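Visitor: My questions will all concern the structure given below.
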Ligand code: NAD
Ligand code: 0WE
């Protein structure tokens with residue numbers, strides 16, 4: 105069987121079959137894991153229930169991470185199905201749309217800054233806090249999804265870049281906090297993928313083609329590739345890895361100037 109045989113996985117951030125969370129869920133299922141899914145609100149409920157069917161699970165639970173009570177209720181509901189959980193996937197990000205346009209300094213507001221950091225970074229610590237006693241010791245792990253806009257400025261990513269920088273620091277501090285329990289905490293920095301979170305972003309298509317033409321692999325990455333790396337990082341195969349941000353981006357982060365650069369792109 106697979107390398108996640110009988111592992112119990114809680115996956116947040118599922119919105120459609122394009123979601124990175126969906127790539128993670130499918131890969132983990134294939135490796136033998138049992139899956140529970142969360143959905144942000146009633147609008148997403150039936151969609152997530154339908155996708156759950158494809159993973160042979162009936163555990164779908166609501167959780168808007170902006171609300172501590174909903175995180176507590178998520179834990180209590182999950183406890184009625186499982187006594188513990190091996191793996192928690194955090195695949196959630198949000199900034200108000202008007203923050204993701206134009207130059208950072210023109211777009212940023214106090215409110216947008218706070219929202220972006222609360223939903224995209226604090227929520228990872230909030231989940232860790234609530235699930236701390238339910239995560240299996242010493243083999244459990246947590247994983248979040250991040251983007252290179254955390255360490256380099258990217259046009260239009262703006263306050264989300266700051267929130268991802270905070271999220272990546274969160275990975276390191278949570279790894280230390282959980283280390284004595286043997287629980288590992290890591291992040292995957294994925295290349296751009298056309299998901300719902302990327303739809304409607306002005307210039308996304310152009311940025312995507314620039315990126316595809318700049319990577320050593322000469323292409324982008326898929327949710328399946330992110331799912332495979334996530335499965336490895338959360339498995340016992342990665343027992344020596346914690347506090348790490350792993351790039352799954354076709355090598356984009358390693359390039360200075362691509363030999364294929366041209367003004368035609
Ligand atoms: P997606 O739209 O499929 O998923 C985003 C999810 O965040 C949705 O399921 C949405 O319901 C959830 N969410 C937002 N606010 C929430 C809240 N308050 N409570 C609970 N859930 C909430 O898009 P995706 O691209 O799969 O995004 C998943 C993660 O991957 C995000 O952290 C994103 O930053 C990261 N990421 C995406 C890309 C990309 O190019 N698509 C690249 C690198 C990293
Ligand atoms: O993390 C992300 C996107 C996160 C995101 C997306 C939205 C769209 C809808 C956060 N908040 C919102 N708010 C909304 O109202 N990515 C890594 C994908 C992404 O988003 C970009 C990118 C890339 C890549 C935005 C601008 C430039 C590049």
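Numbering (my numbering), first residue to last: 105 to 369.
Positions of the beta carbon are idealized from the N, C-alpha and C atoms, including for glycine.
None of these values were measured; they are calculated from a predicted model.
1. As a quick exercise: from 352, 287, 120, 299, pick the residue whose alpha carbon is nearest that of residue 331.
2. In three-state terms, what does DSSP make of residue 246?
3. Any contact between the region 227–244 and the region 168–182? By contact I mean 3 or more CB pairs, one from each, below 8 Å.
4. Give the straight-line distance between the Cα atoms of residue 184 and residue 319, rounded to the nearest whole angstrom.
5. If you follow the beta strand (DSSP E) that residue 119 is part of, which residue opens it and which one closes it?
6. Would you tell me roughly how many angstroms separate the C-alpha atoms of residue 285 and residue 242, rounded to the nearest one?
7. Does any heavy atom of the ligand 0WE sit closer than 8 Å to the C-beta of residue 292?
8. Which value, in whole angstroms, describes the spacing of the CA atoms of residue 162 and residue 302?
9. Which class does residue 289 belong to by DSSP, given the choice of helix, strand or coil?
10. Can residue 347 and residue 236 be called in contact, C-beta distance under 9 Å?
11. Since residue 220 contacts residue 251 with CB under 8 Å, what's their CB separation in whole angstroms?
12. Mind checking which residues open and close the alpha helix (DSSP H) that includes residue 185?
13. By DSSP's criteria, residue 138 is part of a beta bridge. Which residues make up the other side?
14. Using a Cβ distance threshold of 8 Å, determine whether the region 302–316 contacts the region 134–153, with at least three qualifying pairs required.
15. Near residue 326, which residues of its chain fall below 8 Å by C-beta distance, leaving aside the five closest residues on each side in sequence?
16. Any chance the CB of residue 338 is under 8 Å from a heavy atom of the ligand NAD?
17. Using the Cα positions of residue 170 and residue 231, report the straight-line distance between them to the nearest angstrom.
18. DSSP puts residue 194 in a beta bridge; with which residues?
19. Since residue 337 is in the alpha helix (DSSP H), which residue starts that stretch and which ends it?
20. Look up residue 349 in the DSSP assignment and say whether it is helix, strand or coil.
21. Measure how close the beta-carbons of residue 246 and residue 192 come, nearest whole angstrom, since I'm counting them as under 8 Å.
22. Applying the criterion that 16 or more other CB atoms from any shown protein chain within 10 Å of the CB defines a buried residue, is residue 190 buried or exposed?
Guide: For this structure:
1. What you label residue 331 is simply residue 227 of the chain shown in a count that begins at 1. Ranked by Cα distance from residue 331, the options 352, 287, 120, 299 are led by 352.
2. Numbered from 1 along the chain shown, position 142 holds the residue referred to as residue 246. Look at residue 246 here: in three-state DSSP terms it is strand.
3. The region 227–244 vs the region 168–182: in contact.
4. By one-based count along the chain shown, residue 184 stands at place 80. By one-based count along the chain shown, residue 319 stands at place 215. Each residue's alpha carbon lies about 46 Å from the other.
5. Numbered from its first residue, the chain shown carries residue 119 at position 15. Careful: residue 119 lies outside any beta strand (DSSP E) and carries neither H nor E.
6. Numbered from its first residue, the chain shown carries residue 285 at position 181. Numbered from its first residue, the chain shown carries residue 242 at position 138. Distance between the alpha carbons of residue 285 and residue 242: 6 Å.
7. Within the chain shown, residue 292 is the residue found at index 188, counting from 1. Residue 292: no, Cβ never under 8 Å from the ligand 0WE.
8. Here residue 162 corresponds to residue number 58 of the chain shown, with the count starting at 1. Here residue 302 corresponds to residue number 198 of the chain shown, with the count starting at 1. Taken atom to atom, the span from the alpha-carbon of residue 162 to that of residue 302 is near 28 Å.
9. Counted from its first residue, the chain shown places residue 289 at position 185. Reduced to three states, the DSSP call for residue 289 is strand.
10. On the chain shown, residue 347 is found 243 positions in, with the first residue counted as 1. On the chain shown, residue 236 is found 132 positions in, with the first residue counted as 1. Not closer than 9 Å, so no.
11. By one-based count along the chain shown, residue 220 stands at place 116. By one-based count along the chain shown, residue 251 stands at place 147. Between the beta-carbon of residue 220 and that of residue 251 there is about 13 Å, and that puts the pair past the 8 Å contact cut.
12. Position 81 of the chain shown, counting from 1, holds the residue named residue 185. Note, residue 185: premise wrong, no alpha helix (DSSP H); not H, not E.
13. As a working mapping, residue 138 is identified with position 34 in the chain shown. Bridge partners of residue 138: 112.
14. No: the two stretches stay apart, fewer than three of their Cβ pairs being nearer than 8 Å.
15. The sequence position of residue 326 within the chain shown is 222, counting from 1. Cβ neighbours of residue 326 beyond the five flanking positions: 127, 297.
16. Counting from one through the chain shown, the residue named residue 338 turns up at place 234. Relative to the non-hydrogen atoms of the ligand NAD, the Cβ of residue 338 never comes closer than 8 Å to any of them.
17. For the purposes of this step, residue 170 is identified with residue 66 of the chain shown, where counting begins at 1. For the purposes of this step, residue 231 is identified with residue 127 of the chain shown, where counting begins at 1. So the two alpha carbons sit approximately 11 Å from each other.
18. The residue given as residue 194 occupies position 90 in the chain shown. Answer is 248.
19. Stepping through the chain shown from its first residue, residue 337 is reached at position 233. It spans 327–338 - the alpha helix (DSSP H) in which residue 337 sits, taken as one unbroken run.
20. For the purposes of this step, residue 349 is identified with residue 245 of the chain shown, where counting begins at 1. In the structure shown, residue 349 sits in a strand (DSSP, three-state: E or B).
21. For the purposes of this step, residue 246 is taken as residue 142 along the chain shown, with counting starting at 1. For the purposes of this step, residue 192 is taken as residue 88 along the chain shown, with counting starting at 1. Indeed, because the Cβ distance is near 5 Å, the residues count as touching under 8 Å.
22. As a first step, residue 190 is located in the chain shown; it is residue number 86 there, counting from the start. Classification for residue 190: buried.
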